[in-house]
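The sequence shown: position 178 = 178 (the UniProt record's numbering), numbered continuously.
Glycine included, C-beta positions come from ideal geometry on N, C-alpha and C.
A short worksheet on the structure shown next.
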Amino acid sequence: MEPNKVKQQHEIRLYCTLLIALGLIILLSRLMQNLFFSISGAELTKRIRAKAIQCMLKQEVGWFDRQENHSGVLCERLSTDALAIQNVYFEIVLSKKTKEILEQASVLAAETLQNIRTVVQLTKEDFFVQKYSRLSKTYSYIKAITHAVAMSNFYFTLAATYVTVFVLVKHEQIKTENIMMVVAFILFTIQPFQIIFAS
């Protein structure tokens, strides 16, 4: 073998080993990140629920007689409010719009249930179910579109990178040995944004 080819093979093995090592480091760090975020989120939720129960138990008996403080409502609050606080960071992007939609849906459901006799007498059950479904679907669509864009952004960037590199190589504006470095840099740079916006 020629000395130049031996040197190239040595460099290829070195870079491949470095990329594999980098991939393993990223894999382990992501696993640890997800593990610790899950543990801290669960602990936060547990503490919030414990504090909420303590506050509820300190209330006077008349407080529980109010319509908004029935046992079902309180249980629902314990299950959803703590999780909502845990997910606050990841919902900042959509918070204002989704909050309005969820508030409208909650108000509609509460008013319908409070006036259920009137609703039944007017046979408007289907109307309110459809209205509630529309509000819920709007929230689901916004969430789905945001998630889809965040998850597909990585692949669109990958495709654009390959096309750009192909054009640059064709016009001899980039050296072949720099291609891997450029592609790796772009892909590793975009991954944190994908994680942030996909959550």
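{"Query": "Under 9 angstroms between C-beta atoms of Leu187 and Thr164", "Result": "no"}
{"Query": "CA-to-CA distance, Thr161 to Leu168, given in whole angstroms", "Result": "10 angstroms"}
{"Query": "Neighbourhood of Trp63 by C-beta distance below 6 angstroms, restricted to the same chain and skipping five residues each side", "Result": "Asn69"}
{"Query": "Proximity of Ile179 and Phe154 at Cβ, strictly below 9 angstroms", "Result": "no"}
{"Query": "Cutoff 7 angstroms; reference Val183; Cβ partners in own chain excluding five residues on either side", "Result": "Thr161 and Val165"}
{"Query": "Ala52 beta carbon less than 9 angstroms from that of Arg77", "Result": "yes"}
{"Query": "Test: Thr189 CB closer than 9 angstroms to a CB of chain D", "Result": "The chain labelled as chain D is not found in the depicted structure, where only one protein chain is given."}
{"Query": "Which of helix, strand or coil DSSP assigns to residue 240", "Result": "Since the first residue shown for the chain is 1 and the last is 199, residue 240 is missing from the structure and cannot be characterised."}
{"Query": "Nearest-angstrom Cα separation, counted from Leu28 out to Leu22", "Result": "10 angstroms"}
{"Query": "Backbone CA spacing between Thr149 and Gln59 [nearest angstrom]", "Result": "According to the sequence shown, residue 149 is Val rather than Thr. Straight-line Cα distance between these residues: approximately 46 angstroms."}
{"Query": "Three-state secondary structure assigned by DSSP to Glu33", "Result": "The sequence shown places Gln at residue 33, rather than the Glu named in the question. Helix."}
{"Query": "Distance between His171 and Phe36 (C-alpha atoms, nearest Å)", "Result": "48 angstroms"}
{"Query": "Among Thr176, Arg66 and Phe185, the one whose alpha carbon lies nearest that of Ile12", "Result": "Thr176"}
{"Query": "Glu68 in three-state terms, based on DSSP", "Result": "helix"}
{"Query": "For Leu10, three-class secondary structure by DSSP", "Result": "The amino acid at residue 10 is misidentified as Leu; the sequence shows His. Residue state, collapsed to three classes: helix."}
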